[in-house]
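Below is one structure, written out as structure tokens; the observations come after it.
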Amino acid sequence: MNQTQIPQPRIAIVGSGPAGCYTAGFLRKRWPEAPIVLFDRLTTPYGLVRYGVAPDHLGTKGIAKQFDRLFARDRVEFRGGVEIGRDLGLDQLRAEYDIVVLATGLWADRSIDGFRDVEGNATHAGVHGSGELTRMINGHPDRDSENLVIGRNTVIVGNGNVAVDLVRLMLTDPGVLTGLDVPIDAINALHEGPVARIDVVGRSAADEAKFDPAMIRELGKLPDVRFTSDAVAVPGNGDRDATAKMAAIVELVEQSPVAATRSVNFHFGWTPDTLQGSERVASVIFRDTGGQRGQLVLETDSVCTAVGFTEVGDDVLLRSALEGEATNLERGMLAEGLYCVGWLRRGPVGTIPVNRADAKMVANAIINDVESSVATVAR
Ligand SMILES: Cc1cc2nc3c(=O)[nH]c(=O)nc-3n(C[C@H](O)[C@H](O)[C@H](O)COP(=O)(O)OP(=O)(O)OC[C@H]3O[C@@H](n4cnc5c(N)ncnc54)[C@H](O)[C@@H]3O)c2cc1C
12 MNQTQIPQPR
22 IAIVGSGPAG
32 CYTAGFLRKR
42 WPEAPIVLFD
52 RLTTPYGLVR
62 YGVAPDHLGT
72 KGIAKQFDRL
82 FARDRVEFRG
92 GVEIGRDLGL
102 DQLRAEYDIV
112 VLATGLWADR
122 SIDGFRDVEG
132 NATHAGVHGS
142 GELTRMINGH
152 PDRDSENLVI
162 GRNTVIVGNG
172 NVAVDLVRLM
182 LTDPGVLTGL
192 DVPIDAINAL
202 HEGPVARIDV
212 VGRSAADEAK
222 FDPAMIRELG
232 KLPDVRFTSD
242 AVAVPGNGDR
252 DATAKMAAIV
262 ELVEQSPVAA
272 TRSVNFHFGW
282 TPDTLQGSER
292 VASVIFRDTG
302 GQRGQLVLET
312 DSVCTAVGFT
322 EVGDDVLLRS
332 ALEGEATNLE
342 RGMLAEGLYC
352 VGWLRRGPVG
362 TIPVNRADAK
372 MVANAIINDV
382 ESSVATVAR
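Take the position in the sequence shown, starting the count at 1, then add 11; the result is the number in this note's numbering.
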């Protein structure tokens, strides 16, 4: 295709998180003159970079500066405060643009059976999802911190990086959090106790846990914290990743001060079972995932679930409702001219760099579809 045949389709991208921003960047590179508009339901862009990534991870937060160039230099237009499916219909958007890319992510906290009722509401006060907490810590406009108190003892369920973020932020000095622009209502909710004991409970064994060893090592910088763990090394498990995880936990425990006034206790191989307490949670019961050790009962003032994210039935843009005969999720296509990317396409797993690779793949599919249809017409 020569330069005069290159099309400049009108493009709308819904969602300005990493997936949406990277997609805009790749499409702009190919089509320098195409109108590209990034819509977001919030008035500020960047999705979980702004409202998920921990405020003390400044390097990761800094990706926002790279995305700023889309608007400042690359002539991508940002239209914030527009929720597609509510303020503007998806059909209307598709009529106005040649290409619509959905990059709306998955924001709802996945619930734990027995901790939520059938409608997904917490069965006891004092139970919070990690999305709810990290949005609060990052000053999300929809946060609801009223009556949210973590207390002196808390149980975090989950053993991924978000659980580790919560441990670190709960034990970070309030003055440091203020310096990181964490809003005062969030600091009060986290530190009113202040937190003295955190139990982190995961379903899998330590060497299969989802956290990165670097995140565990970072915890070692927190002052005045005793770390303990019930991790058991599996002899002969030579997997490098598993060995690194195990080593990080062992080193964290060994190097922590025995006489500290705060403690973090890692429990591996425990499956959440039930909550106890009249109205407000008072204790949590776990059962041994391997069926050998009976129960683990932890008294607590609050419970934080960090077990991932999901689609919710009343989301205005449900991917499952948009799938049809032409859908090919492998390349991000939902219907002719309609694509999806990022967490909405792949599910709520993967970091920001994974979304960059995803955006590149979907952008290439879009470019291929548009240019091959133009070439066919021109023939
Ligand atoms: C708590 C937490 C911490 C994390 N920390 C890290 C980290 O340190 N490093 C790392 O690499 N990754 C981290 N991640 C993962 C990373 O944030 C995700 O991989 C990434 O943000 C997913 O990108 P996305 O664009 O698919 O979705 P999102 O970032 O969720 O973006 C979706 C956007 O769509 C908008 N939107 C939704 N519905 C509509 C609608 N109907 N109309 C208009 N706009 C809409 C939303 O407002 C949002 O801006 C973290 C994730 C979480 C949850």
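All C-beta atoms in this analysis are idealised placements derived from N, C-alpha and C, irrespective of residue type, glycine included.
Small disclaimer: the values here were computed from a predicted structure and weren't measured.
Query                                                                                                                                                                                       : Result
Using the C-alpha atoms, what's the distance from GLY324 back to PRO20?                                                                                                                     : 33 Å
Taking the C-alpha atoms as reference points, what is the distance between THR300 and SER215?                                                                                               : 8 Å
To the nearest angstrom, report how far apart PHE313 and SER240 are at their CA atoms.                                                                                                      : Correcting the residue type first, residue 313 is Ser in the shown sequence and not Phe. Each residue's alpha carbon lies about 20 Å from the other.
When you compare the CB of ASN164 with every CB in chain B, is at least one pair closer than 9 Å?                                                                                           : Checking the listed chains, one finds no chain B in this structure; it contains a single protein chain.
Which word fits LEU69, buried or exposed, when buried means at least 16 other C-beta atoms lie within 10 angstroms of its C-beta?                                                           : exposed
Going by the C-beta, is HIS68 closer than 8 Å to any heavy atom of ligand 1?                                                                                                                : yes
Could you compute how far the alpha carbon of ALA317 sits from the alpha carbon of SER141?                                                                                                  : 5 Å
Taking the runs of the beta strand (DSSP E) that are 3 residues or longer, which of them lie wholly in the segment 282 to 326?                                                              : 294 to 299, 306 to 310, 313 to 316
Evaluate ASP123 with the Cβ neighbour count: other Cβ atoms within 10 Å of its Cβ, from every protein chain shown; 16 or more gives buried, anything less gives exposed.                    : One point to set straight first is that residue 123 is Ile, not Asp, in the sequence displayed. Burial call: buried.
From which residue to which residue does the beta strand (DSSP E) around TYR33 run?                                                                                                         : Looking at the DSSP string, TYR33 is not in any beta strand (DSSP E); the run it does join, the alpha helix (DSSP H), is 29 to 41.
Could you have a look at PHE82 and say whether DSSP puts it in helix, strand or coil?                                                                                                       : helix
Is the beta carbon of ASP235 sitting closer than 9 Å to the one on ALA271?                                                                                                                  : yes
Under 8 Å from any heavy atom of ligand 1, does the C-beta of LEU117 make it?                                                                                                               : yes
Would DSSP call TYR57 helix, strand or coil?                                                                                                                                                : coil
DSSP puts ARG208 in a beta bridge; with which residues?                                                                                                                                     : ASN164, SER274
Compare the Cα-Cα distances from VAL166 to each of TYR33, PRO46, ALA332, TRP281 and report the closest residue.                                                                             : TRP281
In whole angstroms, give me the CA-to-CA distance for ARG52 and GLY353.                                                                                                                     : 17 Å
Just to confirm, does LEU309 get its C-beta within under 8 Å of one of the non-hydrogen atoms of ligand 1?                                                                                  : no
Indicate, with yes or no, if ligand 1 has a heavy atom lying under 8 Å from the CB of TYR108.                                                                                               : no
So, for GLU310: in the same chain, excluding its five sequence neighbours on each side, which residues have a beta-carbon less than 7 Å away from its beta-carbon?                          : ASN164, ALA293, SER294
Pick out whichever of ASP67, ILE363, GLU322 has its Cα sitting closest to the Cα of PRO187.                                                                                                 : This sequence places Val at residue 187; Pro is not what is there. Among ASP67, ILE363, GLU322, the Cα nearest to that of VAL187 belongs to ASP67.
Would SER289 be called buried (16 or more neighbouring beta carbons within 10 Å of its own) or exposed?                                                                                     : exposed
Could you check where the alpha helix (DSSP H) with THR71 kicks off and where it finishes?                                                                                                  : 69 to 72
Identify, in the order they occur along the chain, each residue of the same chain with its Cβ nearer than 6 Å to the Cβ of GLY335, setting aside the five sequence neighbours on each side. : ALA346
Three-state secondary structure (DSSP) at VAL236?                                                                                                                                           : strand
At a cut of 8 Å, does the segment 38 to 51 reach the segment 83 to 100 through at least three beta carbon pairs?                                                                            : yes
Which residues bound the beta strand (DSSP E) around HIS202?                                                                                                                                : Premise fails: HIS202 lies in the alpha helix (DSSP H), 195 to 202, not in any beta strand (DSSP E).
With a threshold of 16 other CB atoms inside 10 Å of the CB of ASP210, please say whether the residue is buried or exposed.                                                                 : buried
Just to confirm, are ASN149 and VAL193 a CB contact at a threshold of 9 Å?                                                                                                                  : yes
Report the partner residues of LEU349 according to the DSSP bridge assignment.                                                                                                              : VAL111, ALA346
Just checking VAL365 against ligand 1 - is the residue's beta carbon closer than 8 Å to any of the ligand's heavy atoms?                                                                    : yes
So, with DSSP's three-state summary, where would you put ARG330?                                                                                                                            : helix
Tell me whether the beta-carbon of PRO18 lies closer than 9 Å to the beta-carbon of GLY58.                                                                                                  : no
Spatial neighbours of ALA255 within its chain, please: CB distance less than 6 Å, with the 5 preceding and 5 following residues excluded, ordered by chain position.                        : PRO224
Excluding five sequence neighbours on each side, which residues of the same chain lie with their C-beta closer than 6 Å to the C-beta of LYS371?                                            : PHE37
So does ALA75 have its beta carbon nearer than 8 Å to some heavy atom of ligand 1?                                                                                                          : no
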